[in-house]
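Report on one structure; see the data block that follows.
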Ligand code: UDP
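Residue numbers (our numbering): 2 to 331.
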């Protein structure tokens with residue numbers, strides 16, 4: 002069993018990975034500034050409250066823990082916000098990741114797993130997109146993650162004692178099957194969460210951003226992946242590095258695309274609520290279609306998804322939204 006230091010472990014994806022690490026018997030320490038994360042979301046290990054920009058606190062927390070690997074989730078994640086406020090993204094994503102990597106080099110931490118994104122591809126020329134396809138982000142969020150991938154490639158090339166895996170996430174959704182944890186943002190912008198909160202009456206209507214894309218029904222296509230399958234991808238990447246595997250990059254998706262209208266239909270069916278939907282203009286920075294070719298992670302890491310079904314994703318997210326609503330009221 003290994004010792005894993007997790008930045009952003011109190012956030013949505015990080016907390017599901019901390020859960021998976023803990024359940025697998027690893028020793029975990031979460032480092033999180035709680036800006037979007039929550040203390041209650043950390044189900045295993047301890048939590049050090051700190052910012053990745055605060056180098057001294059970060060270094061102390063890592064040094065005392067002596068990790069075998071670091072998993073780095075702490076980052077900003079909203080495409081539209083990154084278009085409006087790019088420097089906020091370049092500061093927190095690449096600049097603070099650089100801080101972290103320098104600290105890891107000083108402390109000779111040998112392994113790193115990075116939360117990257119399908120947004121590094123921009124608008125892919127071919128679908129499904131492969132890891133070897135060109136990186137051409139069309140928004141600052143994707144560019145900020147691409148920069149970190151470059152840091153990692155250069156660092157691992159320069160140093161024999163450092164290896165990494167970058168996981169390019171497609172559209173992560175869903176929640177813990179027991180509804181202990183799930184997405185909890187002050188201003189949720191992601192489609193499935195917005196749709197379910199609209200069903201719950203927290204928003205008056207769901208807007209569909211763009212109905213004139215060159216897709217079958219005119220709305221954007223995305224590859225939705227359940228957060229617990231994404232968590233198991235991190236454990237597979239960790240096992241790979243612990244076994245001496247080399248640096249690598251993998252897509253994390255199911256290889257199946259759904260349109261915004263498909264998601265709306267599934268959300269209405271599962272909730273049994275015919276919430277209001279309004280057609281709206283395109284949102285800045287959105288590519289028409291993003292679907293993963295996920296054959297590499299399956300073949301190389303033996304990753305086997307367990308929740309590859311849009312309805313299952315939406316059902317777990319719906320169960321969670323109801324628990325969350327009670328949690329926030331009480
Ligand atoms: N979307 C939408 N209405 C919303 C939120 C999102 O139509 O309230 C669309 C968005 O334009 C994109 C897709 O849903 O085409 C997925 O967006 P999301 O923000 O969930 O994830 P992203 O792909 O930006 O990471």
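Glycine included, each C-beta is placed from N, C-alpha and C at the ideal position.
Would you list the one or two residues that DSSP bridges to residue 227? The sequence position of residue 227 within the chain shown is 226, counting from 1. DSSP lists 174 as partners of residue 227.
When you compare each of 137, 23, 226 and 31 to residue 176 by their alpha carbons, which one comes out closest? Translated into the one-based positions of the chain shown, residue 176 becomes position 175. Measuring from the Cα of residue 176, the nearest candidate turns out to be 226.
Grouping DSSP H, G and I as helix and E and B as strand, with all else coil, what is residue 147? As a working mapping, residue 147 is identified with position 146 in the chain shown. If DSSP states are grouped into helix, strand and coil, residue 147 belongs with the helices.
Quick one: is the Cβ of residue 287 within less than 8 Å of any heavy atom of the ligand UDP? Stepping through the chain shown from its first residue, residue 287 is reached at position 286. Yes, the beta carbon of residue 287 sits closer than 8 Å to at least one heavy atom of the ligand UDP.
Flag residue 56 as yes when its Cβ comes closer than 8 Å to any non-hydrogen atom of the ligand UDP, and as no otherwise. Residue numbering aside, residue 56 sits at position 55 when the chain shown is read from its first letter. Residue 56 Cβ: outside cutoff for every heavy atom of the ligand UDP.
Shorter than 9 Å from the beta carbon of residue 224 to some beta carbon of chain C? No chain C is part of this structure, which consists of one protein chain only.
Inter-stretch contact at 8 Å, needing at least 3 Cβ pairs: the segment 135-152 / the segment 71-88: Contact holds: three or more Cβ-Cβ distances are below 8 Å.
Residue 252 classed as buried or exposed, judged by whether at least 16 other C-beta atoms fall within 10 angstroms: By one-based count along the chain shown, residue 252 stands at place 251. Buried is the call here.
Quick check: does the Cβ of residue 221 come within less than 8 Å of any heavy atom belonging to the ligand UDP? Your numbering for residue 221 matches position 220 in the chain shown. Distances between the C-beta of residue 221 and the heavy atoms of the ligand UDP include at least one below 8 Å.
Give me the DSSP bridge partner(s) of residue 115. On the chain shown, position 114 is the one that residue 115 refers to. In DSSP, residue 115 forms a bridge with 73 and 167.
Candidates 232, 171, 266 and 241: which alpha carbon is nearest residue 307's? Against the chain shown, residue 307 aligns to sequence position 306. Here the closest residue by C-alpha is 232.
Close beta carbons around residue 6, own chain, < 6 Å, minus the five adjacent residues each side: Residue 6 sits at position 5 when you count from the first residue of the chain shown. The beta carbon of residue 6 lies closer than 6 Å to those of 30, 63, 66, 68 and 71 in the same chain, with the five residues before and after it left out.
Could you check the C-alpha separation between residue 294 and residue 133 for me, to the nearest Å? Residue 294 sits at position 293 when you count from the first residue of the chain shown. Residue 133 sits at position 132 when you count from the first residue of the chain shown. Taking the straight line joining both Cα atoms gives about 10 Å.
What do you reckon, are the CB atoms on residue 249 and residue 167 nearer than 9 Å? Numbered from 1 along the chain shown, position 248 holds the residue referred to as residue 249. Numbered from 1 along the chain shown, position 166 holds the residue referred to as residue 167. Cβ atoms of residue 249 and residue 167: closer than 9 Å.
Whose C-beta lies closer than 7 Å to the C-beta of residue 25 among residues of the same chain, with five residues either side of it excluded? In the chain shown, the residue the question calls residue 25 occupies position 24. Here the set comprises 236.
Residue of 126, 228 and 98 minimising C-alpha distance to residue 56: Within the chain shown, numbered from 1, the residue matching residue 56 stands at position 55. Minimum Cα distance to residue 56 is reached at 98.
Inter-residue CB distance, residue 33 and residue 48 (contact presumed, cutoff 8 Å): Taking the first residue of the chain shown as 1, we reach residue 33 at position 32. Taking the first residue of the chain shown as 1, we reach residue 48 at position 47. Taking a contact as a CB-CB distance under 8 Å, the pair residue 33 and residue 48 counts as one, their CB atoms being some 6 Å apart.
Under 9 Å between C-beta atoms of residue 122 and residue 83: Along the chain shown, read from residue 1 onward, the residue named residue 122 stands at position 121. Along the chain shown, read from residue 1 onward, the residue named residue 83 stands at position 82. No. Outside cutoff.
Local Cβ density within 10 Å of residue 215, reported as buried at 16 or more and exposed below that: Counted from its first residue, the chain shown places residue 215 at position 214. In this structure residue 215 is exposed. Its beta-carbon is surrounded by fewer than 16 other beta-carbon atoms within 10 angstroms.
Can you list, in chain order, the residues of its chain whose CB lies under 6 Å from that of residue 95, leaving out five sequence neighbours each side? Residue 95 sits at position 94 when you count from the first residue of the chain shown. Taking residue 95 as the centre and dropping the five residues before and after it, the same chain places the C-beta of 145, 148 and 149 closer than 6 Å to its C-beta, in chain order.
Would you identify the three-state DSSP class for residue 299, choosing helix, strand or coil? Taking the first residue of the chain shown as position 1, residue 299 is located at position 298. DSSP, reduced to helix, strand and coil, places residue 299 within a helical segment of the structure shown.
Straight-line gap, residue 328 to residue 12 (C-alpha atoms, nearest Å): For the purposes of this step, residue 328 is identified with residue 327 of the chain shown, where counting begins at 1. For the purposes of this step, residue 12 is identified with residue 11 of the chain shown, where counting begins at 1. Spanning the two alpha carbons is a distance of roughly 16 Å.
In its own chain, which residues sit with a C-beta less than 8 Å from the C-beta of residue 289, not counting the 5 before and 5 after it? Indexing the chain shown from 1 puts residue 289 at position 288. So the qualifying residues of the chain are 124, 214, 215, 216, 221 and 222.
Of the listed residues 262, 260, 197 and 172, nearest to residue 273 (C-alpha basis): Taking the first residue of the chain shown as position 1, residue 273 is located at position 272. The shortest Cα separation from residue 273 among 262, 260, 197 and 172 belongs to 197.
Please report how far the alpha carbon of residue 255 lies from the alpha carbon of residue 117, in whole angstroms. Taking the chain shown and counting its residues from 1, one reaches residue 255 at position 254. Taking the chain shown and counting its residues from 1, one reaches residue 117 at position 116. The straight-line gap separating the alpha-carbon atoms of residue 255 and residue 117 is approximately 16 Å.
Quick one: is residue 335 buried, meaning 16 or more other Cβ sit within 10 Å of its Cβ, or exposed? With the chain represented from 2 up to 331, any question about residue 335 goes unanswered, as that position is not in the structure.
Using a Cβ-Cβ cutoff of less than 7 Å, which residues in the same chain neighbour residue 102 once the five nearest sequence positions on both sides are dropped? In the chain shown, counting from the first residue as 1, residue 102 sits at position 101. The residues are 152 and 156.
Entirely enclosed alpha helix (DSSP H) segments - the segment 11-75, minimum 4 residues: Those alpha helix (DSSP H) runs which fall completely within the segment 11-75 and span 4+ residues are 13-24 and 56-66.
Given a cut-off of 9 Å, decide if residue 128 and residue 311 are closer than it, judged by their beta-carbon atoms. As a first step, residue 311 must be located in the chain shown, where it is residue number 310. As a first step, residue 128 must be located in the chain shown, where it is residue number 127. Between residue 311 and residue 128, the C-beta spacing is not below 9 Å.
Residue interval of the alpha helix (DSSP H) (run including residue 203): Within the chain shown, residue 203 is the residue found at index 202, counting from 1. Judged by DSSP secondary structure, residue 203 falls outside any alpha helix (DSSP H); it is assigned neither H nor E.
Quick one: what's got a C-beta closer than 7 Å to residue 139's C-beta in the same chain, skipping five residues either side? Here residue 139 is taken as the residue at index 138 of the chain shown, counted from 1. Once the five neighbours on either side are set aside, the close Cβ partners of residue 139 are 123, 124, 286 and 288.
Is it the case that the CB of residue 80 approaches a heavy atom of the ligand UDP more closely than 8 Å? Position 79 of the chain shown holds residue 80. In terms of side-chain proximity, the C-beta atom of residue 80 is found nearer than 8 Å to a non-hydrogen atom of the ligand UDP.
Would you check if there are 3 or more beta carbon pairs closer than 8 Å linking the segment 202-214 to the segment 237-246? Touching, no.
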